[in-house]
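Q:
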Amino acid sequence: MKEFEKIIGYSAVKKELKQIADILKNDKVYSELGITKPNGLLLYGEPGVGKTLMANCLVEASGLKCFVCRKDKPNGDFINHLKSMFKKALDNAPAIIFLDDMDKFANGDIHRKDAEEYVTVQSCIDEVKGRDVFVLATANNILNLPDSLLRAGRFDQRIEIKNPVGEDALNIIKYYLNNKKMKIDVDIKSLAKILNGCSCAELETVINQAGIYAGFEREKYITMQHILKACLQIIFKVSVAREEESNNWLDNLQNRNELSSRIIYHEVGHALISEVLMPGSVSLITAYGKEGNSGGFTSIYRDVSMENMNWMKYNILISLGGMAALEQKFGIVDSGARKDYSKAFSLVKNLVLDDCICGFNYFSNSFDISNKLKESQEYVISSQVYQYYLKAKEIIALNKDLLEKMARKLATRKILYAAEIQEIKRGCEIVPINF
Ligand SMILES: Nc1ncnc2c1ncn2[C@@H]1O[C@H](COP(=O)(O)OP(=O)(O)OP(=O)(O)O)[C@@H](O)[C@H]1O
Ligand SMILES: [Mg+2]
């Protein structure tokens, strides 16, 4: 069905949608088998993942007349509108009624599942049941919808649409870059790692924003730097322009070099540990800070096939990597890493209390425990964090060459992406670690 070609990726979802479109289009085939048509389908998921696009493709492929309802009227008028659209769909049956963003229908009453709008939709659905009107709906948050509305018989099928990852993210980026003028330095694989798990709407906006930067600089082509800047702005909420300004301000500080070196080694410490433990996992390192924070940040790509407990353990080491790098390089305690410490402590706490990594003695799933047990749990957690910290320092010490090379490059470029990091790694001997 060529109507679905507009949807990039999502092969499993497309298959399900094609099946439903086929039932709606060729109902005789199914009725001869004694099958009754499904009454409705709900597509739900985060904003911008393509629910409306997918619903429209389904409508097109079914070849049926469609009546669309969106919350674009005041409450009373909207209820009348809903009733009249269901009636029109019934008069034109077989037809589709499409309730787009259904969880916004009662937006004045977000926590009231018995809002008049939902009651109306429910009674309208019951009225058209078995009368050849297919009810198609989209929603962001199904928790806002009444259970009775969601039950089978009203929406026989529910499909969750998740943000694109892996190959899907890669193909969607390729699609958005397709008709843009780009320099050959644009590395789509590295971009797909940075944008893995972002919504299609975000991907589209990033590429567009990169074009705006290029246009404003009167450049003929969009470069990788433009796209990276747009990623920082749209995805990570970092304004590169503002960061550059604050760097000018830092120029006037006596300890400017010291400060920026600390930021750089701290970030490279995180990235180094991640790359040693999970080669190819760092999607981006930057010395620019998020939303007014003075430090930079490192973005890590998670391979979905990785076992959760290993991911947690590696993350503890990665969190402590910034602090370990500063001790290794400057012999100082990192005073700006409170978030990293809390992350490491809370991950270790989960491993000790929920996953029994230190034995059953410390397992705890209740608040009602003795003070003695609580004390010993705290002791075990702190000493575990310390062990992880020693390991992080060992990894950094064994890979000093990589630390220095990455730090030098980050100091000049301020942003490094996956392919650049791999290039640096090729020039170093990486010492792996048993863990
Ligand atoms: N898989 C996809 N392939 C190509 N383009 C896509 C895909 N998914 C989404 N888009 C594009 O991304 C943008 C947002 O999609 P859409 O409006 O369908 O999202 P949505 O899930 O309905 O969002 P909301 O919850 O905010 O209503 C649109 O321009 C759409 O064409
Ligand atoms: Mg939508």
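The sequence shown runs 4 to 438 under the numbering used here. Virtual Cβ for every residue (Gly too), placed ideally from N, Cα, C. From a predicted model like this one, the values you see are computed outputs, not experimental measurements.
Within its chain, find whatever has a CB closer than 6 Å to the CB of Ala233; leave out the 5 residues flanking it on each side and keep chain order.
A: Excluding sequence neighbours, Ala233 sits near Val209, Gln212 and Ala213.
Q: Quick check: does the Cβ of Asp404 come within less than 7 Å of any heavy atom belonging to ligand 2?
A: Asp404 Cβ: outside cutoff for every heavy atom of ligand 2.
Q: Assign Arg265 to buried or exposed, taking buried as 16 or more other Cβ atoms, counted over all protein chains shown, within 10 Å of its Cβ.
A: Classification of Arg265: buried, given that the 10 Å Cβ count is 16 or more.
Q: Give the secondary structure of Ile418 by DSSP, where H, G and I count as helix, E and B as strand, and everything else as coil.
A: Ile418: strand per DSSP, three-state reduction.
Q: Taking 7 Å as the line, does the beta carbon of Val52 fall inside it for any heavy atom of ligand 1?
A: Correct: Val52 has its Cβ closer than 7 Å to ligand 1.
Q: Please tell me whether, using a cut-off of 7 Å, the distance from the CB of Thr141 to the nearest non-hydrogen atom of ligand 2 is below it.
A: Flag set: Cβ of Thr141 near ligand 2.
Q: Counting only C-beta atoms, is Val52 closer than 8 Å to chain B at any point?
A: No chain B appears in the structure shown, which is made up of a single protein chain.
Q: Using DSSP's beta-bridge definition, name the partner residues of Arg154.
A: In the DSSP output, where bridge partners are listed per residue, Arg154 has none listed.
Q: Select from Val16, Gln22, Leu356 and Tyr304 the residue whose C-alpha is nearest the C-alpha of Lys192.
A: Out of Val16, Gln22, Leu356 and Tyr304, Tyr304 has the C-alpha closest to the C-alpha of Lys192.
Q: Using CA atoms only, rank isn't needed, just tell me which of Tyr382, Leu354 and Glu397 is closest to Glu330.
A: For Glu330, the nearest C-alpha among the options comes from Glu397.
Q: Taking Ile225 as the reference, give the member of Asp188, Val241 and Ile197 with the closest Cα.
A: Nearest of Asp188, Val241 and Ile197 to Ile225, Cα basis: Asp188.
Q: Go through its chain and collect everything with a Cβ distance to Ile384's Cβ below 6 Å, but skip five positions before and after it.
A: Excluding sequence neighbours, Ile384 sits near Val351, Lys352 and Val355.
Q: Can you give me the start and stop residues for the beta strand (DSSP E) that Leu45 sits inside?
A: That run of the beta strand (DSSP E) goes Gly43 to Tyr47.
Q: Quick one: is the Cβ of Thr55 within less than 7 Å of any heavy atom of ligand 2?
A: Thr55 Cβ: within cutoff of ligand 2.
Q: In this structure, what does DSSP give as the bridge partners for Phe70?
A: DSSP lists Ile100 as partners of Phe70.
Q: Using C-beta distances below 7 Å, list every residue in its chain close to Arg73, excluding the 5 sequence neighbours before and after it, in chain order.
A: Here the set comprises Asp103 and Asp104.
Q: If you run the structure through DSSP and keep just helix, strand and coil, what is Leu27?
A: Residue state, collapsed to three classes: helix.
Q: Got a sec: does ligand 1 put a non-hydrogen atom nearer than 7 Å to the Cβ of Tyr420?
A: Result no, Cβ not under 7 Å from ligand 1.
Q: Alpha carbons only, please: which of Glu270, Leu405 and Glu207 is nearest the one belonging to Val434?
A: Ranking Glu270, Leu405 and Glu207 by Cα distance to Val434 puts Leu405 first.
Q: Leaving aside the five residues before and after Ser202 along the sequence, list all residues of the same chain whose C-beta is less than 7 Å from its C-beta, in chain order.
A: Within the same chain, Ser202 has close Cβ partners Glu49, Pro50, Gly51, Val52 and Asn166.
Q: Can you give me the C-alpha to C-alpha distance between Leu36 and Leu56, rounded to a whole angstrom?
A: Approximately 31 Å, taken between the alpha carbons.
Q: Ligand 2 and Asp30: does any heavy atom of the ligand fall closer than 7 Å to the residue's C-beta?
A: No; taking the cut-off as 7 Å, the Cβ of Asp30 has no heavy atom of ligand 2 nearer than that.
Q: Find out if the Cβ-Cβ distance for the pair Ala290, Ser322 is shorter than 8 Å.
A: No, these two residues do not count as a Cβ contact at 8 Å.
Q: Tell me whether Phe219 sits in a helix, a strand or coil according to DSSP, three-state version.
A: Helix, per DSSP.
Q: In chain order, what residues of the same chain have a beta carbon less than 6 Å from the beta carbon of Gln257, not counting five sequence neighbours either side?
A: Because Gln257 sits at a pLDDT of 49, beneath the cut-off of 50, its placement in the model cannot be relied upon, and the following sentence gives the value as read from the coordinates. The answer is none, since no qualifying residue turns up.
Q: Quick check for students: name the residue ranges of the beta strand (DSSP E) that lie wholly in the segment 262-295, counting only runs of 3 or more.
A: List check, beta strand (DSSP E) in window: 285-289.
Q: Restricting to Cα atoms, I'd like to know which of Asp129, Leu231, Lys184 and Ala58 is closest to Lys86.
A: Of Asp129, Leu231, Lys184 and Ala58, the residue nearest in Cα terms is Asp129.
Q: Please report the residue range of the beta strand (DSSP E) in which Glu432 lies.
A: No beta strand (DSSP E) contains Glu432, which DSSP labels as neither H nor E.
Q: Taking the alpha carbon of Ile164 as the point to measure from, which residue in Phe438, Lys17 and Asp358 has its own alpha carbon closest?
A: Out of Phe438, Lys17 and Asp358, Lys17 has the C-alpha closest to the C-alpha of Ile164.
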